[in-house]
Amino acid sequence: MTRLVSAREVSELPVLNRNFTQLELLLPGTSKMNWQHASSENPQGGIQINTNGQLFGMNNFMIDGADNNDPVLGIIMINLAIDSVQEFKLTSANYDAEFAQAGGSVMQVETKSGSNQLHGSLFEFLQNNIFKAGNPFSEGLHDPGTPAPKGRGVPPLRWNQFGGSLGGPIVKNKVFLFGDYQGTGDTQA
Numbered sequence: 000m001t002r003l004v005s006a007r008e009v010s011e012l013p014v015l016n017r018n019f020t021q022l023e024l025l026l027p028g029t030s031k032m033n034w035q036h037a038s039s040e041n042p043q044g045g046i047q048i049n050t051n052g053q054l055f056g057m058n059n060f061m062i063d064g065a066d067n068n069d070p071v072l073g074i075i076m077i078n079l080a081i082d083s084v085q086e087f088k089l090t091s092a093n094y095d096a097e098f099a100q101a102g103g104s105v106m107q108v109e110t111k112s113g114s115n116q117l118h119g120s121l122f123e124f125l126q127n128n129i130f131k132a133g134n135p136f137s138e139g140l141h142d143p144g145t146p147a148p149k150g151r152g153v154p155p156l157r158w159n160q161f162g163g164s165l166g167g168p169i170v171k172n173k174v175f176l177f178g179d180y181q182g183t184g185d186t187q188a
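Residue numbers (numbering that gives the first Met the number 0): 0 to 188.
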């Protein structure tokens, strides 16, 4: 089974924390592992996903035709920013012979590139305690008419994810440039 996902679908699908490897869960037969590698082993934030009963290490990740697999941990090496993905193809069965090292799934990613037209994107996502509801069973309980105890209520939270991409010509019809950036600011109680 093969599923081609276009740039429009990639940019419009809701993805938790804009983590590209979450999109592998679009394939039937995929499931996220109950445990994940520690962030010290997995700074790129790749997710361990089992496909058709095969463990996560049997998946094959490729970027523009090049191997993108961690040989020790069996996860993706470069977890692309969603804004840099042109399209990707997910295959979970009937692989071509060139993908013999995969037993679970193959994720082939094509990245965006520059062109003669200047193009780009900007984004920002914000979560904070102002938009979160309090838990009435554990936060703010006190006798009516008395002041709320100190330290009760929704704890402070500031989570901000931001970035963008830009592509265009350096020398028209010959040399092009494309780059992207994604950052996260996180402050929690």
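Note that the Cβ used here is the ideal one computed from N, Cα and C, for glycine as well.
In the structure shown, M61 adopts extended strand secondary structure according to DSSP, grouped into three states. Sequence-distant Cβ neighbours of M61 in its own chain, meaning closer than 8 Å and more than five residues away, are N67, V105, M106, Q107 and V108.
Annotation for R7: no beta strand (DSSP E) segment contains it, though the alpha helix (DSSP H) segment containing it runs A6 to E11.
Residue environment for V170: exposed (fewer than 16 other C-beta atoms within 10 angstroms of its C-beta). Contact check for T183 against Q160 passes: the beta carbons are separated by less than 8 Å. Here D66 is bridged, per DSSP, to M61. S112 is positioned such that its CB atom lies no closer than 8 Å to that of G163. DSSP places K173 in no beta strand (DSSP E); its state is neither H nor E. A direct Cα-Cα distance of roughly 51 Å separates I48 from T145.
Comparing C-alpha distances from W158 to each of Q126, K173 and N134 shows the shortest one belongs to Q126. Taking 8 Å as the cut-off, the Cβ atoms of G45 and I74 count as close. Using a Cβ-Cβ distance cut-off of 8 Å, the stretch 0-9 and the stretch 30-41 are not in contact, since fewer than three pairs of beta carbons, one from each stretch, lie closer than that value.
Apart from the 5 residues on each side of it in sequence, S83 sits with its Cβ closer than 8 Å to the Cβ of T110, K111, S164, F177 and D179 in its chain, given in chain order. Looking from the CA of P27, the closest CA among R17, T50 and P155 belongs to T50. One Cα belongs to P143, the other to L156, and the distance between them is close to 27 Å.
N159 sits in a strand when the DSSP states are folded into three classes. Annotation for N49: the continuous beta strand (DSSP E) segment containing it runs I48 to T50. Measuring C-alpha to C-alpha distances from M0 to each of M57, Q181, F87 and A92 identifies A92 as the nearest. For E86, the secondary structure class from DSSP, reduced to helix, strand or coil, is strand.
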